[in-house]
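Participant: Mind having a look at this structure? Questions to follow.
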Amino acid sequence: MAVEIPRLPHTLPLPLKDDVLLELVDKTKDWALMHGAAMRSKANFSKDSLNFAPFVLVPSAFPRKEFYKAVQLQQILNELMHRVAHNREFLTKSLKETIQVDEFTGNLFKIYETVQDEGVSQPISLGLLRSDTMLETTCPSPGKNCPPSALYCCWKQVEINTIASGFGWLGPASALIQRFVLQELNHHEMLVNLPDNNALEGLCSGMLEAWKIYGDSKAAILFIIEDVTYNICDQRFHEFELRRLNPYVKVIRRTLTDMAQRAKLGPDNELLIDGYAVSVVYFRAGYEPGHYHSQKEWDARLLIERSQAIKSPSIHYHLAGTKKVQQALARPGAIEMFLGEASKIEAVKEIFTGLYSLDFDEFGDQAIQMALDAPERFVLKPQREGGGNNIYGKEIRDAILKMKDSRERTAWILMERINPPLSTGYIVRPGGPDIPELVDLVSELGIFGVIIGDSTKIYSNRQVGHMLRTKVSTANEGGVAAGLGALDSPYLI
Ligand code: ADP
Ligand code: MG
Ligand code: MG
217 MAVEIPRLPH TLPLPLKDDV LLELVDKTKD WALMHGAAMR SKANFSKDSL NFAPFVLVPS
277 AFPRKEFYKA VQLQQILNEL MHRVAHNREF LTKSLKETIQ VDEFTGNLFK IYETVQDEGV
337 SQPISLGLLR SDTMLETTCP SPGKNCPPSA LYCCWKQVEI NTIASGFGWL GPASALIQRF
397 VLQELNHHEM LVNLPDNNAL EGLCSGMLEA WKIYGDSKAA ILFIIEDVTY NICDQRFHEF
457 ELRRLNPYVK VIRRTLTDMA QRAKLGPDNE LLIDGYAVSV VYFRAGYEPG HYHSQKEWDA
517 RLLIERSQAI KSPSIHYHLA GTKKVQQALA RPGAIEMFLG EASKIEAVKE IFTGLYSLDF
577 DEFGDQAIQM ALDAPERFVL KPQREGGGNN IYGKEIRDAI LKMKDSRERT AWILMERINP
637 PLSTGYIVRP GGPDIPELVD LVSELGIFGV IIGDSTKIYS NRQVGHMLRT KVSTANEGGV
697 AAGLGALDSP YLI
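Residues in the sequence shown are numbered from 217 upward in steps of one, following this note's numbering.
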């Protein structure tokens, strides 16, 4: 029997009339473009033009209580990740098997060991994190938090990103688009339910704080970028926001290849490139193998890591954000090693869903059996970022059968699939129809955190904003830059 998926209420009566939609969509596309809610086109790439980023016309409903719970948990998650990143034993143990078969993670780990053994020249790290979550409708253990009639039981963490946590601009921009739409529709009274979102300012003030700690007023903030940047508005708005917050700080953008060719270390391990000393390195690239064309880019990553610049992320933060470490944290007793207070431990555990290793042991064998028995219950994940790498549904079985007897399986983790409630709405895409269709949607909420500290002390720790990405309910993944998802913002109910 097909199980009916719970549905969140409409935020306003839908469908809209065709003539209303036609005019509204046309106008809002222009609004989005003219306010920088845009990207470069992958199909027709040109540095001289932009497409608006796909967006959801009317904001999707999001339960207020769960939203604020997610917001409030962020500082604890920041602290957790900070402590995990600084625990060499835990990182080493968690990644031991994986780094032997996954070359990419292995290369990151080599850099980590090298700088740890040499002694790090910059003990302070800047964490610009984003914890991604989805509401869960199927509750494995209904109880006090989850009445049987509820639309959802709680939210669950999909992952936490420690590198290139994007949408600091496009997150807030989504709410601006939808504010415009609600006003056009004469629903001014609804605006109070769109929560404030200062993610861009929050993330950039984190970078400026790190710049100040570094203590050289002439030193630049360096963005490490891909060879081709599609998500250019999100990145540039960070740069422009830094300029707005402190007109005297210089921002430069370089690829890892540029770094390989021209960067060097000064006498005190200062990071130097093209006549600039660098105070803070903000990685918007370097999280996937394709960003390292040759050993030279890896050497550049090591050079950066050896430098005195404050890195976001430093290599240990990058490793702490791997799926394998996420899975290791879900093991019984793991969180307790990092967070002292019982209330914090409990709060974090509540958002974890089942995560299983595929190591060559009894637990790994059990996980493999579970996946073969009911593949639709899981997502199979490699150690990759940026979307488009996971395996779903029936393909999990094929993948597992193929890797089950090889060591490759230790590079993957198995995760319970989260089943979010549906909402209904319009996705507006470049090149899409003038009158979009009403479709079933599901959303993923990301909460941004900033944390600055070293192995002994945390200097700053805050939650700074959010982003909501929404996709059609039938799509497995919802990356906006990847073309599957759309900008959205939570309408609190
Ligand atoms: P990445 O680091 O590549 O973003 P994610 O773990 O976030 O990897 O997975 C990518 C996307 O896959 C998510 O944005 C989400 O849409 C989907 N996804 C991942 N894990 C789950 C899960 N457990 N249940 C449902 N969907 C998931
Ligand atoms: Mg990720
Ligand atoms: Mg993700």
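The beta-carbon is built from N, C-alpha and C at its ideal position, and this holds for glycine as well. Computed from a predicted structure; not experimentally measured.
1) If you compare alpha carbons, which of T473, L458, L472 is closest to K466?
2) Drop a sphere of 10 angstroms on the beta-carbon of Y675, count the other beta-carbons inside from all chains shown, and report buried for 16 or more, exposed for fewer.
3) Express the C-alpha separation of D348 and V374 in angstroms, rounding to a whole number.
4) Using three-state DSSP, classify Q542 as helix, strand or coil.
5) Using 10 angstroms around the beta-carbon of L238, count the other beta-carbons present and answer buried if the total reaches 16, otherwise exposed.
6) Can you tell me the Cα-Cα spacing of E220 and T354, whole angstroms?
7) Given the structure, does E313 come close to ligand 2, in the sense that its CB is under 7 Å from one of the ligand's heavy atoms?
8) Which whole runs of the beta strand (DSSP E) in the segment 529–601 are 3 residues long or more, in chain order?
9) I'd like the ranges of any alpha helix (DSSP H) spanning at least 4 consecutive residues and lying wholly in the segment 299–352.
10) May I ask you to list the residues that DSSP assigns as paired with S659?
11) How many Å lie between A590 and S659 at the Cα?
12) State the Cα-Cα distance for the pair A493 and N485, rounded to the nearest angstrom.
13) Please confirm whether any heavy atom of ligand 1 lies closer than 7 Å to the CB of E405.
14) Quick check for students: name the residue ranges of the alpha helix (DSSP H) that lie wholly in the segment 395–445, counting only runs of 4 or more.
15) For I441, I'd like the list of residues in its chain whose CB is within less than 8 Å of its CB, leaving aside the five on either flank, ordered along the chain.
16) Could you tell me if the beta carbon of N377 falls within a distance shorter than 7 Å of some heavy atom in ligand 2?
17) What residues match up with D704 in a beta bridge as DSSP calls it?
18) For N260, does the count of other Cβ atoms within 10 angstroms reach 16, so buried, or fall short, so exposed?
19) A525 by DSSP, collapsed to three states: which one?
20) Looking only at DSSP bridge pairs, what is V287 linked to?
21) Give the DSSP-derived three-state secondary structure of F664 in the structure shown.
22) Rounded to a whole number of angstroms, what is the C-alpha to C-alpha distance between V274 and G549?
23) Between G669 and S528, which are expected to be in contact by the criterion C-beta below 8 Å, what is the C-beta distance as a whole number of angstroms?
24) Does the distance between the C-beta of E504 and the nearest non-hydrogen atom of ligand 2 fall short of 7 Å?
Facilitator: Per the coordinate set shown:
1) L458
2) exposed
3) 5 Å
4) Helix.
5) Classification for L238: exposed.
6) 11 Å
7) E313 Cβ: outside cutoff for every heavy atom of ligand 2.
8) 571–573, 594–597
9) 304–311, 314–317, 319–334
10) T686
11) 24 Å
12) 10 Å
13) For ligand 1, not one heavy atom lies less than 7 Å from the Cβ of E405.
14) 415–430
15) Q451, R469, R470, T471, R500, A501
16) yes
17) L684
18) exposed
19) coil
20) Its beta-bridge partners do not exist; DSSP assigns none.
21) Looking at F664 - three-state DSSP - the assignment turns out to be strand.
22) 43 Å
23) In fact, because the Cβ distance is near 12 Å, the residues do not count as touching under 8 Å.
24) Between ligand 2 and E504, a heavy atom-to-CB distance of less than 7 Å is absent.
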